[in-house]
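This is how it looks when you write it as structure tokens:
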């Protein structure tokens, strides 16, 4: 690789897209953020977000680099769905190289500098991957209706479900249920449904601080929800560590809150992520490029 | 009321709309069914379904009755949401009288012939109401994301969630998880999500026979889901029976399956519904008409 090559790593999720421009030695030259980049839920928007983030990162570097000089790798939400990834990759991209991978894989490669390791993400959604012997195995990440246990969106849904059971007098009111009712300014269940009927995962995710706040004030209802979530995350890690415990990076908006609540057997595996997912995506691209260069010449 | 008056009662839910034409003595003269009538999710479709069901019921009677001769009462899904009901009622209707009420209330009035009683519905969704001292109090019915515990849609979601946990090796495979995987022809979690990503409540509801089938073959995973559902329905009934146990009609597609699984304390309250929701809607309309006739003249 010549020293004047430029790499952009992208971490694209359901909420936003972060891009990082680096030279071939890994020095960060510029960064930018743009909109959501989930290639399953909105391919067009994801494309726009990527182009905007790349242009932004180049602009912030103050360098004049043409798009066709760039090697771009994007870790994207939804790229684990094979059909979505194939369609997305097949688009015409203005870059010298363009590669996509799952946002989870990019984060894992970044966190463990491309070494074997486990990554558990817990933000609006939840999912985990284990990188071992140059291959990934994923668990979870099935979305709010069918999975994403422990995630912010899941906490929000569980909190509202609990509140509705309290309103119906099927269980006793708690600090959590009272705080949720105050938050929405509602007095009954129909009110609550009217307020939340068009909620998406990120709207429910915004309720998760209310659950942790009630938990910290000793609310048993909040504790039982949060311990259920922590139990799921612990299970994820254990099931990925059966043969050989690997270092585990817990990332995402709720990582810090959950960390002390995971199983004691897990705590010695936990590690601080070395790098972000943008650098993980670049790592992937460099590995791919190096491999390709060792074989036929790079397709440009 | 003159003997030549005609009444149509409608039971409109998320799946279909059933209409029943009666004379003022309650003799059934004609019936018809049409499409869905949920006034929250699709007001235009609900309007069309009602008009089609009314026309169908008149046609099936072989009588020539003009629309403006008809007193129509519709028990409709979503009519418990005040804002939706107000907008819906404010439309121009071609009938002599038009009144809406919640489909749950219509079913309750039908089941108990307008007397005090409890109605629990468990089909694609779940909900309950108690009619006492001329007033209703409702519980549940909050939709698949936030409620509808025990319902067919809920059973389907729980079955798929369980299957995904099995696929991820976070819990052991069961007859249920294997049957669900065979049903969808999937081998992994991403496959499963691709198959179910656009599922609505009624799609999930169609999986409920698989859950009951596995339960009947002794599957513990299916049993634990179904007992959770039965526990919720039992709780609903108990919380409505605190002051005075009233007769309970359990209706909907899963009523028969759940009946033997409810708490033993509840079994003596259970009764067979006297009439359907269509007749319940007509009962409501006659009561309303009689009340109005006793006061100012009927607005037509």
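Residue numbers (the UniProt record's numbering), protein chains in the order written: chain E, 1 to 300; chain F, 1 to 300.
All C-beta atoms in this analysis are idealised placements derived from N, C-alpha and C, irrespective of residue type, glycine included.
- About 31 Å separates the Cβ atoms of residue 43 of chain E and residue 274 of chain E, ruling out a contact at the 8 Å cut-off.
- The contact set of residue 241 of chain F on chain E, defined by CB atoms closer than 8 Å, is empty, because the minimum CB distance reaches about 12 Å.
- Chain order gives the chain E residues near residue 80 of chain F as 190, where near means a beta carbon separation below 7 Å.
- With respect to the 7 Å criterion, residue 78 of chain F and residue 120 of chain F are not classified as neighbours on the basis of their beta carbons.
- Under a 10 Å Cβ-count criterion, residue 281 of chain E is classified as buried, with 16 or more other Cβ atoms of the shown protein chains found around its own Cβ.
- Nearest neighbour of residue 141 of chain F by Cα position, chosen from E/30, E/147 and E/197, turns out to be E/197.
- Between the alpha carbons of residue 61 of chain F and residue 73 of chain F lies a gap of roughly 18 Å.
- Distance from the CA atom of residue 111 of chain F to the CA atom of residue 12 of chain F, rounded to whole angstroms, is 16 Å.
- Under the 8 Å Cβ criterion, the region 98–106 of chain E does not count as touching the region 215–234 of chain E, having fewer than three qualifying pairs.
- With the criterion set as a beta carbon lying under 8 Å from some beta carbon of chain F, the members of the region 81–107 of chain E are 81, 82 and 83, in sequence order.
- At least one beta carbon of chain E lies nearer than 7 Å to the beta carbon of residue 193 of chain F.
- Three or more beta-carbon pairs separated by less than 8 Å link the region 123–130 of chain E to the region 152–160 of chain E, which places the two stretches in contact.
- At a cut-off of 7 Å between beta carbons, residue 187 of chain F makes no contact with chain E.
- Residue 291 of chain F has no beta-bridge partner at all, per DSSP.
- By the neighbour-count criterion, in which a residue is buried when 16 or more other Cβ atoms sit within 10 angstroms of its Cβ, residue 17 of chain F is buried.
- Note that the C-beta distance between residue 159 of chain F and residue 228 of chain F is not below 7 Å.
- Using a CB distance cut-off of 7 Å, residue 262 of chain F does not count as an interface residue toward chain E.
- Residue 97 of chain F counts as buried, since no fewer than 16 other beta carbons sit within 10 angstroms of its beta carbon.
- Non-local C-beta neighbours of residue 181 of chain F in its own chain, meaning closer than 7 Å and more than five positions away in sequence, comprise 163, ordered along the chain.
- With respect to the 7 Å criterion, residue 221 of chain F and residue 270 of chain F are not classified as neighbours on the basis of their beta carbons.
- Scanning chain F for C-beta atoms nearer than 9 Å to the C-beta of residue 63 of chain E yields nothing, as the closest lies near 39 Å away.
- Within the DSSP secondary-structure output, residue 139 of chain F pairs in a beta bridge with F/128.
- Per DSSP, the continuous beta strand (DSSP E) segment holding residue 11 of chain E begins and ends at 6–12.
- Residues of the region 262–293 of chain E that bring their beta carbon within less than 7 Å of a beta carbon in chain F are absent altogether.
- Non-local beta-carbon contacts of residue 32 of chain E in its own chain, meaning distances under 6 Å to residues more than five positions away in sequence, involve 19, 53, 56, 57 and 60 in chain order.
- Only exposed fits residue 188 of chain F, as fewer than 16 other CB atoms lie within 10 angstroms of its CB.
- Residue 266 of chain F and residue 251 of chain F do not touch by the CB rule: their CB atoms are close to 15 Å apart, not below 8 Å.
- Only 157, 160 and 161 from the region 152–163 of chain F bring a Cβ to less than 8 Å from some Cβ of chain E.
- If you check each beta-carbon in the region 26–56 of chain F against every beta-carbon of chain E, the ones closer than 8 Å belong to 40.
- Excluding five sequence positions before and after residue 22 of chain F, the CB atoms of its chain that fall closer than 8 Å to its own CB belong to 6, 7, 8, 9, 28, 29, 279 and 282, given in chain order.
- Sequence-distant Cβ neighbours of residue 69 of chain F in its own chain, meaning closer than 7 Å and more than five residues away, are 6 and 96.
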